[in-house]
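Quick note: the sequence shown, position 212, residue 1541 per our numbering, numbers continuous. Cβ atoms here follow ideal geometry from the backbone N, Cα and C, with glycine treated the same way. No experiment lies behind these values; they were computed from the predicted model shown. The block underneath contains the structure these notes are about, expressed in structure tokens.
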Amino acid sequence: MRSEGQVRFITISSRVQMTAAAIAVAVLFVWAVSMAVAGWAQYRAASDRLSLLDREAKVATSEERLAAYGDNLEEVSADLDRRMEFIEGVAELLPEEMKVETTVSDSSGEAAATVEKVSAAFPQAAELARIEARQLAVVEGLTRYADWRAQRAADALKQLQLNPAQVIRSSRNQAMGGPLEGLATDADGSIDPRFERLGLSMARMAALEQALEGVPQFAPARKDLISSGFGYRRDPFNGRAAMHSGLDFKGATGTPIYAAAKGRVTFVGRKGGYGNTVEIAHGNGLMTRYAHMSKFNAKVGQQVLPGQTIGAIGSTGRSTGPHLHFEVRINNRAVNPRTFLETAPHVLEEIRRAPELADAH
């Protein structure tokens, strides 16, 4: 380095160079592996969806359905009963406005052709064919509706800087079990791909909308009394720069503290510098923490709703005075609570607005 007519040299030993190169190679390797895993997961999800869409396109033709009616009319009737049970079960998951406003119309294409051919060949089965056509029309309409709601929920999660794909993966990894009761719409134990597609669409919709319910949306204390924000600040005890992983809400001792979202209480007690603390799990790795409390109004395992009182402001732990320290964590990583408290109410209000059936189609 040349400075003011003088030349100085910096020597980097071979060992340091080799160490730096090894670290760089390791970082690149980890990055490549993570990208490969993410790409494989996306490929599998896309492949599964394309496979289902391909199977959906291979539903029975009108000629095949005509043969089924001719072979065993009682079996066809039993199949339709099973399908109706499926539809009724799915309908229980839909909102009231959907149940009221839904209208059943005759289908088109293959379903209409089936009605025509069955009516001509087996007049006694004409009504069953019309029932089948209406069932398929309802199933396809419900699937479009579920897909529309799922996409709307996914867009809302993205606005809140949450990953919809991660939400879906988390929902698949949740603990579950029970006796096997295979779903079938036909006597041979198989399921019509259109019915299976509806089930998958409903499951995706339910997972995404359930994730939205767990998003912090209710201010745990008065938002106009925030005394310290998220990020680096001067520590009030030693005066040095330090990371503040939440928001501080000032208030008098005993002022109520509210749950920010629907969830399950996972911790109630003293936690180091946080003092008296309550933690609530909201699913998909999302957790909220409420610290420095003077008293508790919640118990471990309790299910809480947004705005429910869980304790009171205090000054326990590493605190200079009565206030609430509020954190939002995703997979134990602190994120800025303002993103949720300021954006979530507007996003969720739009989501909860009763949708028009025409939009769903």
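Hey, out of the options, whose CA is closest to residue i's CA?
i: ILE1733; options: HIS1573, ARG1593, HIS1654 and GLY1646; result: No statement about residue 1733 is possible, as the shown extent of the chain runs from 1330 to 1690 and does not include it.
i: SER1574; options: ALA1588, GLY1602, THR1595 and VAL1597; result: GLY1602
i: LYS1628; options: GLU1404, ARG1593 and THR1645; result: ARG1593
i: ILE1520; options: VAL1468, ALA1483 and SER1556; result: VAL1468
i: THR1645; options: LEU1677, ARG1599 and ARG1667; result: ARG1599
i: GLY1650; options: VAL1657, GLY1580 and TYR1561; result: GLY1580
i: TYR1326; options: PHE1338, VAL1405, ASN1665 and SER1343; result: This structure leaves residue 1326 out entirely; the chain is present only between 1330 and 1690.
i: ALA1663; options: GLY1558, LEU1486 and LYS1591; result: GLY1558
i: ARG1459; options: VAL1405, GLN1490 and ARG1473; result: VAL1405
i: ALA1610; options: ILE1497, MET1622 and LYS1591; result: LYS1591
i: PHE1415; options: ASN1661, PHE1524 and ALA1485; result: PHE1524
i: ALA1475; options: GLU1538, SER1343, VAL1356 and GLN1335; result: GLU1538
i: PHE1547; options: ILE1659, GLU1678 and ASN1605; result: GLU1678
i: GLY1528; options: ARG1473, ASN1492 and ALA1361; result: ARG1473
Do residue j and residue i have their beta-carbon atoms positioned less than 8 angstroms apart in this structure?
i: ALA1673; j: GLY1636; result: no
i: GLN1464; j: ARG1412; result: yes
i: GLN1488; j: VAL1676; result: yes
i: ASN1613; j: ALA1540; result: yes
i: LEU1634; j: LYS1552; result: no
i: ALA1550; j: ILE1642; result: yes
i: THR1617; j: GLU1656; result: yes
i: THR1582; j: SER1530; result: no
i: SER1556; j: HIS1652; result: yes
i: VAL1496; j: ALA1536; result: yes
i: LEU1576; j: ARG1667; result: yes
i: MET1534; j: ALA1485; result: no
i: ASN1605; j: PHE1578; result: no
Helix, strand or coil: which one does DSSP assign to residue i?
i: LYS1579; result: strand
i: ALA1574; result: The residue you asked about is not Ala; residue 1574 is Ser in the sequence shown. Here SER1574 sits in coil by DSSP.
i: GLY1568; result: coil
i: GLY1612; result: strand
i: ALA1589; result: coil
i: ALA1663; result: strand
i: ALA1548; result: coil
i: ALA1361; result: helix
i: LEU1670; result: helix
i: ARG1337; result: coil
i: ARG1618; result: strand
i: VAL1429; result: Low confidence applies here, because VAL1429 scores a pLDDT of 35, under 50, leaving its location unreliable; read the following figure in that light. Reduced to three states, the DSSP call for VAL1429 is helix.
i: VAL1676; result: helix
i: PHE1415; result: helix
i: GLN1539; result: helix
i: GLN1464; result: helix
i: VAL1607; result: strand
i: SER1434; result: Interpretation of SER1434 is limited by its pLDDT of 32, a score under 50 that renders its predicted location unreliable; no figure is taken from the coordinates.
i: VAL1691; result: Residue 1691 is absent from the structure shown; the chain starts at 1330 and stops at 1690.
i: THR1348; result: helix
i: ARG1647; result: coil
i: PHE1559; result: coil
i: VAL1633; result: strand
i: SER1406; result: helix
i: LEU1554; result: helix
i: ALA1532; result: helix
i: ALA1641; result: strand
Every unbroken alpha helix (DSSP H) within the segment 1466 to 1507, with a cutoff of 4 residues, ordered by chain: The segment 1466 to 1507 contains, as complete alpha helix (DSSP H) runs of 4+ residues, the segments 1493 to 1501 (chain order).
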